[in-house]
Amino acid sequence: MTIGVGLLGLAVLRWRQNGAGALVWLAALLVMLAIRTPHTLRNRRNVVVDARKDFAETALLAAMFLTMMVLPLLQLATGAFGFADYRLPSGAIVAGALLQIPCLWLFWRSHADLGRNWSPGLEVREDHSLITRGVYARVRHPMYAAIWISVLAQPLLIQNWIAGFLVAPAFAAMWFIRVPKEETMMHLQFGKAWEAYCARAGRLLPRWTA
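In case it helps, our numbering puts the sequence shown at residues 59 to 268.
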């Protein structure tokens, strides 16, 4: 925690070297942490009845933490990966900043709609509910959709192959490996109700014709 705060402080102090894109990324990171932290603290009191934490799950979470937080903060705080910089047209930063608007709204709304049913791991809690309202009405995984948008924005804002781009393959691996396991757990927990929900809600994008 102390190291993270220190890196964050150094990254802010180096704002001139890092540029506007880095400031946008840092602001979005702080907002996402502000959204998620209260849910994390509250939901620690949940009684978990089914948890799937194997090596693959641990590796995926570690890869996301590394590429979405640690490597970007290291680069912005120290410039350690400057050799891997690339340059995009100035409009890329504007595009990355605009992407943060739907990303942060969807990230906030999906946490709010899930409430006590959210957890950072593959878990089912006691009295777990199938949420099909709000942003979950037409999309089964709006929180992942928000993170996908963030992943698209990061290499536009932090123009570095290590600190900016690596998050894309890391999250793609999480999406293709973890989400099917998550959906299997939901199917086992909710049965026909889950099947009916899948018929009318898309996995990542709305299924308006359902």
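Every residue gets a Cβ at the ideal spot worked out from N, C-alpha and C, and that includes glycine.
Where does residue 112 sit, in a helix, a strand or coil, going by DSSP?
-> coil
Cβ pair residue 83, residue 139 closer than 9 Å = no
Neighbour-count burial assignment, residue 236, 16 or more Cβ in a 10 Å radius = buried
Would the beta-carbon of residue 273 fall within 9 Å of that of residue 249?
-> One cannot answer for residue 273 here, as it falls past the ends of the chain, which runs 59 to 268.
Local Cβ density within 10 Å of residue 209, reported as buried at 16 or more and exposed below that | buried
Count the CB pairs spanning the segment 237 to 257 and the segment 127 to 145 that are closer than 8 Å, and state whether there are at least three.
-> no
Are the C-beta atoms of residue 259 and some chain C residue less than 9 Å apart?
-> Looking at the structure shown, chain C is missing, and only one protein chain is on hand.
Who are the Cβ neighbours of residue 153 in its own chain at under 6 Å, not counting the five residues just before and after it?
-> 214
Would you give the residue range spanned by the alpha helix (DSSP H) that residue 74 belongs to?
-> 73 to 76
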